[in-house]
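So the structure is just underneath, and the comments pick up after that.
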Amino acid sequence: MARILVTGGTGYIGSHTTVELMQQGYDVVIIDNLSNSTSAVLDGIAAIVGTRPAFEQVDCNDPQAVADVFTKYTDIQGVIHFAASKAVNESVEQPLKYYRNNLMSLITVLEQMKAHNVHNIVFSSSCTVYGQPAEEHLPVDETAPIQVALSPYGNTKQINEEIIRDEAHANTQLHATILRYFNPIGAHPSAMIGELPNGVPQNLLPFVTQTAIGLRKELKVFGDDYNTPDGSCIRDYIYVVDLAKAHVKAVERMLNRQATEQVEVFNLGTGRGLSVLEILKTFMQVTGVNVPYQIVGRREGDIEQVWAKPDKANNVLGWKADTPIEDVLLSAWRWEQKIRS
Ligand code: UD1
């Protein structure tokens, strides 16, 4: 079976994807600089799969170290590139860090892939590239216009997509799949791996679970005066395990030479938008735990509503995100309980 190089494989989405790849029989080598994760994640993966993935502590910005990985693992047939900095706020405060980390790591990986005759890459992008889509583009499909990025983080996703397109144009052997994620949430059903936010969580679900367990006093709901049915923002929350499975499908499609375009783009979402208040209420219902909350003002830069039209991924990749939201929220809660126990 083929080996897949997973950059950022000890991170949240990377670790779940590694599990799915290994369970489908792929060999994996993870590279990660552990800047926002720990090697204990490898134990979690091993506990689920029964085997430990190969791991190299390597920074994707280090060309020699990345070259050494390709030299050591001669059976690599594709790369899934997750490694990136992802905190929106931090990217506003430290733009150069974000441009250096996120752009240079992709460039380095593409250079080393070419030097070592590896021609398949899956890239982690985000629905952030669509900004707030106009009403006629909701739900969002892959043809919706890309809008000016609201943060350096978002801009790195857009620029990286362009880097991939330009390189594919120049290097006709390269095949790329760009996956635009909506809002990944939840944890593996085993509770062996999950999201491990650094410090105070900025994302909704980790804040909800940390409040439920008593680490935070109350959730602040950012705005109830939006033009949505209950006034709170709407997102397409996708189960991280469903998301991970889409990566396996994308890899298979490239390795089997089924792609019809050199660069293919897929929106990965459920097709259903849920509001902040709906998430909160469903969480309380399924867990039976009260989550104190307060409605506060809008968060700067927030998008009112966005959800995916995932038809292309459903039909072309043969993939669907179909885990019920109740199960997804319970998985997040079990994970929170596990890491605090
Ligand atoms: C954010 C980023 C997006 C990034 C994604 C990665 C912004 C503007 N966007 O998306 O670029 O790709 O994370 O996961 O930062 N909320 C609260 N209270 C909280 C936290 C969140 O009410 O304490 C609300 C937000 O206002 C939003 C929703 O929950 O309506 C989801 O927020 P979040 O999890 O931060 O995701 P996004 O803002 O969609």
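Every position in the sequence shown, counted from 1, becomes a number in the numbering used here once 15 is added.
Just so you know, even glycine gets a beta-carbon here, dropped at the ideal spot from N, CA and C.
In this text, all values refer to a predicted model and were calculated from it rather than measured experimentally.
Taking the beta carbon of residue 161 as the centre, do at least 16 other beta carbons fall within 10 Å, making it buried, or is it exposed? Start at 1 with the first residue of the sequence shown, and residue 161 comes out as number 146. By the neighbour-count rule (16 or more Cβ atoms within 10 Å), residue 161 is not buried but exposed.
Output the distance between the C-alpha atoms of residue 341 and residue 296, rounded to the nearest integer angstrom. For the purposes of this step, residue 341 is taken as residue 326 along the sequence shown, with counting starting at 1. For the purposes of this step, residue 296 is taken as residue 281 along the sequence shown, with counting starting at 1. Straight-line Cα distance between these residues: approximately 11 Å.
Let's see if you can read the secondary structure: which residues bound the beta strand (DSSP E) around residue 235? Position 220 of the sequence shown, counting from 1, holds the residue named residue 235. Element bounds for residue 235: 234-237.
Among 217, 188, 105 and 163, which has the Cα closest to the Cα of residue 125? The count along the sequence shown starts at 1 and reaches residue 125 at position 110. Considering only alpha carbons, the answer is 188.
Tell me the rounded alpha-carbon separation between residue 43 and residue 240. Counting from one through the sequence shown, the residue named residue 43 turns up at place 28. Counting from one through the sequence shown, the residue named residue 240 turns up at place 225. Going by the C-alpha atoms only, they are around 46 Å apart.
Residue of 221, 319 and 207 minimising C-alpha distance to residue 245: On the sequence shown, position 230 is the one that residue 245 refers to. Selected option, being the one with the closest Cα: 319.
So what does DSSP say about residue 192, is it helix, strand or coil? Taking the first residue of the sequence shown as position 1, residue 192 is located at position 177. Residue 192 falls in the strand class under three-state DSSP.
Residues in its own chain within less than 8 Å of residue 308 by CB, not counting five upstream and five downstream? In the sequence shown, residue 308 corresponds to position 293, counting from 1. These residues qualify, in order along the chain: 226, 233, 234, 235, 236 and 295.
Are the Cβ atoms of residue 85 and residue 29 separated by less than 9 Å? For the purposes of this step, residue 85 is taken as residue 70 along the sequence shown, with counting starting at 1. For the purposes of this step, residue 29 is taken as residue 14 along the sequence shown, with counting starting at 1. Their beta carbons are not under 9 Å apart, which means residue 85 does not touch residue 29 by this criterion.
Is residue 199 helix, strand or coil when you go by DSSP? Taking the first residue of the sequence shown as position 1, residue 199 is located at position 184. Residue state, collapsed to three classes: strand.
Spatial neighbours of residue 60 within its chain, please: C-beta separation below 8 Å, excluding the five flanking residues on both sides. Counted from its first residue, the sequence shown places residue 60 at position 45. For residue 60, where only same-chain residues beyond five positions count, the Cβ hits under 8 Å are 30, 33, 34, 37, 67, 68, 207 and 208.
Near residue 164, what residues of its chain come up, given a Cβ to Cβ distance below 6 Å and the 5 sequence neighbours on each side ignored? For the purposes of this step, residue 164 is taken as residue 149 along the sequence shown, with counting starting at 1. 170 and 173.
Going by other Cβ atoms of all chains shown within 10 Å of its Cβ, with 16 needed for buried, is residue 221 buried or exposed? Along the sequence shown, read from residue 1 onward, the residue named residue 221 stands at position 206. Per the 10 Å Cβ criterion, buried.
Among residues of its own chain, excluding the 5 on either side of residue 205, which ones have a beta-carbon nearer than 6 Å to its beta-carbon? To locate residue 205, count along the sequence shown from 1; it is residue 190. The residues are 63.
Validate contact between the segment 281-291 and the segment 175-194 using beta carbons, cut 8 Å, 3 pairs: yes
Taking C-alpha atoms, which residue in 219, 261, 230 and 110 lies nearest to residue 247? Along the sequence shown, read from residue 1 onward, the residue named residue 247 stands at position 232. Answer by Cα proximity: 219.
Residue 59 (DSSP reduced to helix, strand or coil): The residue labelled residue 59 in the question sits at position 44 within the sequence shown. Note: residue 59 maps to helix in three-state DSSP.
Residues bridged to residue 297 (per DSSP): Stepping through the sequence shown from its first residue, residue 297 is reached at position 282. DSSP lists no partner for residue 297.
Beta strand (DSSP E) segment containing residue 139, residue limits: In the sequence shown, residue 139 corresponds to position 124, counting from 1. Unbroken beta strand (DSSP E) run through residue 139: 135-141.
Whole-number beta carbon distance between residue 48 and residue 74, since they are thought to touch under 8 Å: Taking the first residue of the sequence shown as position 1, residue 74 is located at position 59. Taking the first residue of the sequence shown as position 1, residue 48 is located at position 33. That pair is a contact at about 4 Å.
Using 9 Å as the threshold, is the C-beta distance between residue 186 and residue 112 below it? The residue labelled residue 186 in the question sits at position 171 within the sequence shown. The residue labelled residue 112 in the question sits at position 97 within the sequence shown. Going by C-beta atoms, residue 186 is not nearer than 9 Å to residue 112.
Heavy atom of ligand 1 less than 8 Å from the Cβ of residue 52, yes or no? The count along the sequence shown starts at 1 and reaches residue 52 at position 37. Not so, every heavy atom of ligand 1 lies at least 8 Å from the Cβ.
Pair within 9 Å by beta-carbon distance, residue 337 and residue 257: As a position in the sequence shown, residue 337 is number 322, starting the count at 1. As a position in the sequence shown, residue 257 is number 242, starting the count at 1. Yes, the Cβ-Cβ distance between residue 337 and residue 257 is below 9 Å.
So, with DSSP's three-state summary, where would you put residue 279? By 1-based counting over the sequence shown, the position of residue 279 is 264. It is a strand residue.
With a CB to CB cut of under 6 Å and the five nearest residues on each side skipped, what residues in its chain are close to residue 101? Here the question's residue 101 lines up with position 86 in the sequence shown. Counting only Cβ-Cβ distances below 6 Å, and skipping sequence neighbours, we find nothing.
For ligand 1, is there any heavy atom lying closer than 8 Å to the beta carbon of residue 316? By 1-based counting over the sequence shown, the position of residue 316 is 301. Because some heavy atom of ligand 1 lies under 8 Å away, the Cβ of residue 316 counts as near it: yes.
Please check the pair residue 215 and residue 298, which I expect to be a contact at CB under 8 Å, by giving their CB distance rounded to whole angstroms. Position 200 of the sequence shown, counted from the first residue, corresponds to residue 215. Position 283 of the sequence shown, counted from the first residue, corresponds to residue 298. Not quite, the Cβ-Cβ distance comes to about 19 Å (not below 8 Å), so this is no contact.
Integer Cβ distance of residue 137 from residue 266, believed to fall under 8 Å: Stepping through the sequence shown from its first residue, residue 137 is reached at position 122. Stepping through the sequence shown from its first residue, residue 266 is reached at position 251. Indeed they touch by this definition, with Cβ atoms about 6 Å apart.
Any heavy atom of ligand 1 closer than 8 Å to the beta-carbon of residue 291? Position 276 of the sequence shown, counted from the start, is the residue given in the question as residue 291. Under cutoff, so the answer is yes.
Could you compute how far the alpha carbon of residue 77 sits from the alpha carbon of residue 264? For the purposes of this step, residue 77 is identified with residue 62 of the sequence shown, where counting begins at 1. For the purposes of this step, residue 264 is identified with residue 249 of the sequence shown, where counting begins at 1. The alpha-carbon atoms of residue 77 and residue 264 are separated by roughly 29 Å.
What's the gap between the Cα of residue 20 and the Cα of residue 274? What you label residue 20 is simply residue 5 of the sequence shown in a count that begins at 1. What you label residue 274 is simply residue 259 of the sequence shown in a count that begins at 1. One C-alpha to the other measures close to 20 Å.
Do residue 200 and residue 168 have their C-beta atoms closer together than 9 Å? As a position in the sequence shown, residue 200 is number 185, starting the count at 1. As a position in the sequence shown, residue 168 is number 153, starting the count at 1. Not closer than 9 Å, so no.
Go to residue 31, then tell me how far its alpha helix (DSSP H) extends in each direction, as first and last residue. The residue you call residue 31 lines up with position 16 of the sequence shown. That run of the alpha helix (DSSP H) goes 27-38.
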